[in-house]
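Asker: Numbering (my numbering), first residue to last: 341 to 570.
C-beta: ideal position from N, C-alpha, C; glycine also.
Owing to the predicted nature of the structure, the values given are computational and were not obtained by experimental measurement.
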Ligand SMILES: [Zn+2]
């Protein structure tokens, strides 16, 4: 069994060409199937990839971004796990719209906002050829919820229940987790910060176990997750 240190040394070698999210126009699913020898009979699946963004957003912190924190339970804050940042460039010249973390297979992924509703889930059969989904593989997407303006009064009117549905609004902000091994939540489920959502793997357009973590603003599309991952 390899030591943790050896695993960490080996992981960056499994370079990520990964996900096509937001770059479907630039890197078509057909191209990806070609690269990896997938038959046109498989995929792209029912997934709806999140939009891309603008590389002027790299490093920008949006004050209304309700997401924050490290998206896995494996060595939070270990920036050496990042193999591909926001707006790093794919070989074909198109930008990458998330952050890739080369964490071990089976690492638990976490909700990174106080409260969210699960929007899209693709848990797929246990067959990689049926789990392409535009390159996202097995994936899930959550939408952050934010407190209503009169949150305190709202909570009071709900007998002090800080989690009352009436006191939270959908924000339009999305977090998408790709290339998963398992998804342990269901569409429309409410989740809370730190809650386990699934585990990592290498499904979809990925050539090494990693998590692609992407944040999308309702105003500007994809934004750089890194400034809010501390
Ligand atoms: Zn990625």
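(1) Could you have a look at residue 528 and say whether DSSP puts it in helix, strand or coil?
(2) Counting along the chain, where does the alpha helix (DSSP H) carrying residue 492 start and finish?
(3) Quick one: grab the DSSP three-state call for residue 404.
(4) Which residues mark the beginning and the end of the beta strand (DSSP E) in which residue 438 is found?
(5) For residue 421, is the classification buried or exposed, using 16 other Cβ atoms within 10 angstroms of its Cβ as the cut-off for buried?
(6) Within the continuous beta strand (DSSP E) that includes residue 459, where are the two ends?
(7) Quick one: what's got a C-beta closer than 8 Å to residue 567's C-beta in the same chain, skipping five residues either side?
(8) So what's residue 397 in DSSP terms, helix, strand or just coil?
(9) Cα separation between residue 439 and residue 504?
(10) At the level of alpha carbons, what is the spacing between residue 426 and residue 419?
Answerer: With the structure as the only source:
(1) To locate residue 528, count along the chain shown from 1; it is residue 188. If DSSP states are grouped into helix, strand and coil, residue 528 belongs with coil.
(2) For the purposes of this step, residue 492 is identified with residue 152 of the chain shown, where counting begins at 1. Where residue 492 is concerned, the enclosing alpha helix (DSSP H) stretches over 491-497.
(3) Against the chain shown, residue 404 aligns to sequence position 64. In the structure shown, residue 404 sits in coil (DSSP, three-state: anything other than H, G, I, E or B).
(4) Here the question's residue 438 lines up with position 98 in the chain shown. Neither: residue 438 is in no beta strand (DSSP E) and is coded neither H nor E.
(5) As a position in the chain shown, residue 421 is number 81, starting the count at 1. Flag for residue 421 reads buried.
(6) Against the chain shown, residue 459 aligns to sequence position 119. Its beta strand (DSSP E) spans residues 455-462.
(7) As a working note, residue 567 is residue 227 in the chain shown. Excluding residues within five positions, the ones whose Cβ falls inside 8 Å are 399, 400 and 401.
(8) In the chain shown, the residue the question calls residue 397 occupies position 57. If DSSP states are grouped into helix, strand and coil, residue 397 belongs with the helices.
(9) One-based indexing of the chain shown puts residue 439 at position 99. One-based indexing of the chain shown puts residue 504 at position 164. Looking at the two C-alpha atoms, the distance is approximately 33 Å.
(10) Looking up residue 426 in the chain shown gives position 86. Looking up residue 419 in the chain shown gives position 79. Looking at the two C-alpha atoms, the distance is approximately 13 Å.
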